[in-house]
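Before any comments, here is the structure.
2 protein chains.
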Amino acid sequence: MQLIRTIADLRTALRAERSAGKTVGFVPTMGYLHIGHLTLAKHSQLNCDVTVVSIFVNPTQFSPNEDLAQYPRNLPHDLKLLEEQGVDYVFAPEVDEMYPDGSGKTSTYVDVGDLSSILMGALRPNHFRGVATVVSKLFNIVQPDKAFFGEKDYQQLAVIKRMVTDLNQPVEVFGVPTVREPDGLACSSRNSLLSAEDRAAAIILPQAMQLAQTLVDQGERSVSVLHQAVLDKLQQEARGEVEAVDIRDAETLAETAELLTAPAVLLLTVRFGKTRLIDQHVLRF
Amino acid sequence: MQLIRTIADLRTALRAERSAGKTVGFVPTMGYLHIGHLTLAKHSQLNCDVTVVSIFVNPTQFSPNEDLAQYPRNLPHDLKLLEEQGVDYVFAPEVDEMYPDGSGKTSTYVDVGDLSSILMGALRPNHFRGVATVVSKLFNIVQPDKAFFGEKDYQQLAVIKRMVTDLNQPVEVFGVPTVREPDGLACSSRNSLLSAEDRAAAIILPQAMQLAQTLVDQGERSVSVLHQAVLDKLQQEARGEVEAVDIRDAETLAETAELLTAPAVLLLTVRFGKTRLIDQHVLRF
Chain V
228 MQLIRTIADL
238 RTALRAERSA
248 GKTVGFVPTM
258 GYLHIGHLTL
268 AKHSQLNCDV
278 TVVSIFVNPT
288 QFSPNEDLAQ
298 YPRNLPHDLK
308 LLEEQGVDYV
318 FAPEVDEMYP
328 DGSGKTSTYV
338 DVGDLSSILM
348 GALRPNHFRG
358 VATVVSKLFN
368 IVQPDKAFFG
378 EKDYQQLAVI
388 KRMVTDLNQP
398 VEVFGVPTVR
408 EPDGLACSSR
418 NSLLSAEDRA
428 AAIILPQAMQ
438 LAQTLVDQGE
448 RSVSVLHQAV
458 LDKLQQEARG
468 EVEAVDIRDA
478 ETLAETAELL
488 TAPAVLLLTV
498 RFGKTRLIDQ
508 HVLRF
Chain A
228 MQLIRTIADL
238 RTALRAERSA
248 GKTVGFVPTM
258 GYLHIGHLTL
268 AKHSQLNCDV
278 TVVSIFVNPT
288 QFSPNEDLAQ
298 YPRNLPHDLK
308 LLEEQGVDYV
318 FAPEVDEMYP
328 DGSGKTSTYV
338 DVGDLSSILM
348 GALRPNHFRG
358 VATVVSKLFN
368 IVQPDKAFFG
378 EKDYQQLAVI
388 KRMVTDLNQP
398 VEVFGVPTVR
408 EPDGLACSSR
418 NSLLSAEDRA
428 AAIILPQAMQ
438 LAQTLVDQGE
448 RSVSVLHQAV
458 LDKLQQEARG
468 EVEAVDIRDA
478 ETLAETAELL
488 TAPAVLLLTV
498 RFGKTRLIDQ
508 HVLRF
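Those sequence lines, one after another, are chains V and A. If you read the first sequence in my numbering, its first letter stands for residue 228, the second for the next number, and so on. If you read the second sequence in my numbering, its first letter stands for residue 228, the second for the next number, and so on.
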């Protein structure tokens with residue numbers, strides 16, 4: 228495994244791989260890796276000749292009042308995990324390498340209109356603009372054939388798919404199902420920020436999603452009924468502050484009143500202390 | 228020469244060229260070609276193995292009140308000129324091929340902040356956002372090694388260079404000096420929209436630029452003095468309505484008070500009837 232810190236070095240290494248006819252798979256991450264990330268890398272390794280994992284905590288997707296400084300980091304441990312798994316390249320640039328104009332500032336942004344301003348985009352203005360911009364930059368640097376993203380960040384995946392289509396970016400984007408802890412909580416780097424009590428309480432998220440699926444299995448099709456049931460369930464856990472419960476068209480994220488033919492997705496955002504947890508479940512019916 | 232109408236066909240053709248080790252040069256145009264465009268293509272042909280010229284009148288860079296419908300078009304004549312010059316590929320997509328969501332609409336934009344809102348960007352809100360977006364799309368479709376733009380559209384060139392740097396787009400951008408008619412008027416597709424009287428009157432632009440250079444040659448370094456002299460000269464021609472006269476840092480387009488060490492550029496925008504002509508001259512001193 229090669230650890231690469233500069234854009235120029237990565238371009239040189241990957242140019243050689245492509246010249247040798249190798250396909251390139253790419254997994255962008257913010258580090259503090261867990262089994263969810265490693266699963267993404269595994270998908271890349273199974274589908275591509277060469278796998279690149281990037282580790283970069285991107286400042287342009289955090290608002291000034293958000294947890295950029297507190298975001299957990301552990302590069303040595305990340306490298307150990309990726310080495311063990313046989314990943315080919317790790318790209319871990321400093322902030323100035325990605326944003327030479329100064330810490331996390333850029334004059335050019337990629338903005339994925341409507342999809343960026345709804346749902347989590349309403350809670351975190353400019354978040355998805357920062358995501359779309361850094362992912363565009365990384366795509367242009369890595370020039371992957373395929374890129375792999377977790378379904379846990381469901382809206383992010385939708386934003387990136389839309390961006391790739393709209394801008395004709397020459398990369399195939401794959402969503403990979405959410406990997407969960409044994410008790411059902413979605414794997415997330417932010418789980419490490421939870422107190423033991425909050426970590427235990429957080430299983431209310433998968434429980435609420437399970438409840439919604441059970442109601443759907445029993446024939447419930449009304450989005451407002453499902454929404455209320457999920458909200459009631461989440462509010463049984465006093466440690467969590469419910470920020471958002473949404474049931475949307477799974478493709479467009481448009482609002483929907485009833486589960487009819489198009490798949491729908493349940494999106495949850497619940498805050499425990501300062502830590503915002505998100506999760507998603509595509510409702511089967 | 229191959230005329231290609233779809234993104235998929237162009238990707239297939241260029242994949243074969245790249246596999247054969249060929250470098251790709253690219254000249255994006257809105258058609259109605261003149262010697263300026265052909266000069267850009269010639270630069271590409273001299274510097275790259277394969278040259279692609281695109282012809283696409285991009286709706287997202289026109290405001291509703293602008294001249295999209297009136298913009299001159301003549302594809303058969305364009306193809307004849309490019310064929311004669313030995314260009315390899317012409318990419319001439321329909322609007323729906325580039326913007327499948329409907330005529331000239333997209334949800335994703337590339338926005339080059341500050342450089343897009345000043346100067347011509349103040350006169351034409353959203354213009355450079357449309358330019359940056361379509362050029363990004365075309366770069367992603369063609370994946371050129373080198374791309375060639377005219378210096379006449381000076382701010383456009385600055386916006387594109389900034390975008391390529393900020394987004395790490397894997398393409399080298401070249402600015403090519405403005406090609407002029409025998410009387411000094413910059414070649415432009417819009418010249419064809421001028422009445423005979425306005426066409427004759429339009430030489431006031433190169434005359435004003437010549438005056439500025441003469442003053443600089445005589446030792447004038449004050450931007451406000453030069454600005455006033457150019458304005459006075461342009462206003463001698465009653466047929467032209469002066470929209471903008473600016474002398475800026477040639478690199479950053481920042482305002483400047485005196486010609487000191489950094490190169491400066493004189494930018495002109497003059498309207499004749501409904502037709503807006505622009506020109507530029509980098510002041511030598």
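Beta carbons are placed, not taken as given, at the ideal position from N, Cα and C, and that holds for glycine. All figures in this text were calculated on a predicted structure; none of them were measured in a lab.
Chain A within 9 Å of residue i, Cβ atoms only
i	result
S363/V	yes
L342/V	yes
I368/V	yes
D403/V	First, the residue type needs correcting, since residue 403/V is Val and not Asp in the sequence shown. So no, V403/V is outside the interface.
I345/V	no
I234/V	yes
Per-residue DSSP class, three states only, for residue i
i	result
A491/V	strand
Y381/V	helix
E311/V	helix
E399/A	strand
R466/V	coil
F366/V	helix
D476/A	strand
R351/A	coil
A374/V	strand
E293/V	coil
I345/V	coil
G248/A	coil
K460/V	helix
K300/V	For clarity, residue 300/V is Arg in the given sequence; the question names Lys instead. Correct three-state label for R300/V: coil.
K332/V	coil
L241/V	helix
L306/V	helix
L394/A	coil
Paired residues, beta bridge with residue i - DSSP
i	result
T496/V	A471/V and I505/V
E230/A	In the sequence on display, residue 230/A carries Leu and not Glu. Answer is V317/A.
S449/V	E485/V
V280/A	V254/A and V317/A
R407/A	A413/A
Residue range of the unbroken beta strand (DSSP E) whose run includes residue i
i	result
S416/A	Here S416/A belongs to no beta strand (DSSP E), and DSSP marks it neither H nor E.
F512/V	No beta strand (DSSP E) holds F512/V; DSSP gives it neither H nor E.
T335/A	T335 to V339
Below-9 Å beta-carbon distance, residue i vs any chain V residue
i	result
L181/A	Examination of residue 181/A is not possible in this model, given that chain A is present from 228 through 512 alone.
M390/A	yes
A359/A	yes
N395/A	yes
I231/A	no
R238/A	yes
Residue span of the alpha helix (DSSP H) that contains residue i, given as start and end
i	result
S271/A	I262 to N274
E432/V	For the sequence presented, residue 432/V should be read as Leu rather than Glu. Note, L432/V: alpha helix (DSSP H), I431 to D444.
A423/A	A423 to A428
D323/A	V322 to M325
- Message: Tell me which residues of the stretch 268 to 285 of chain V have at least one Cβ-Cβ distance to chain A shorter than 7 Å, keeping chain order.
- Response: none
- Can you list, in chain order, the residues of the stretch 322 to 342 of chain V whose Cβ is nearer than 9 Å to any Cβ on chain A? M325, Y326, P327, D328, T333, S334, T335, Y336, V337, D338, V339, G340, D341 and L342
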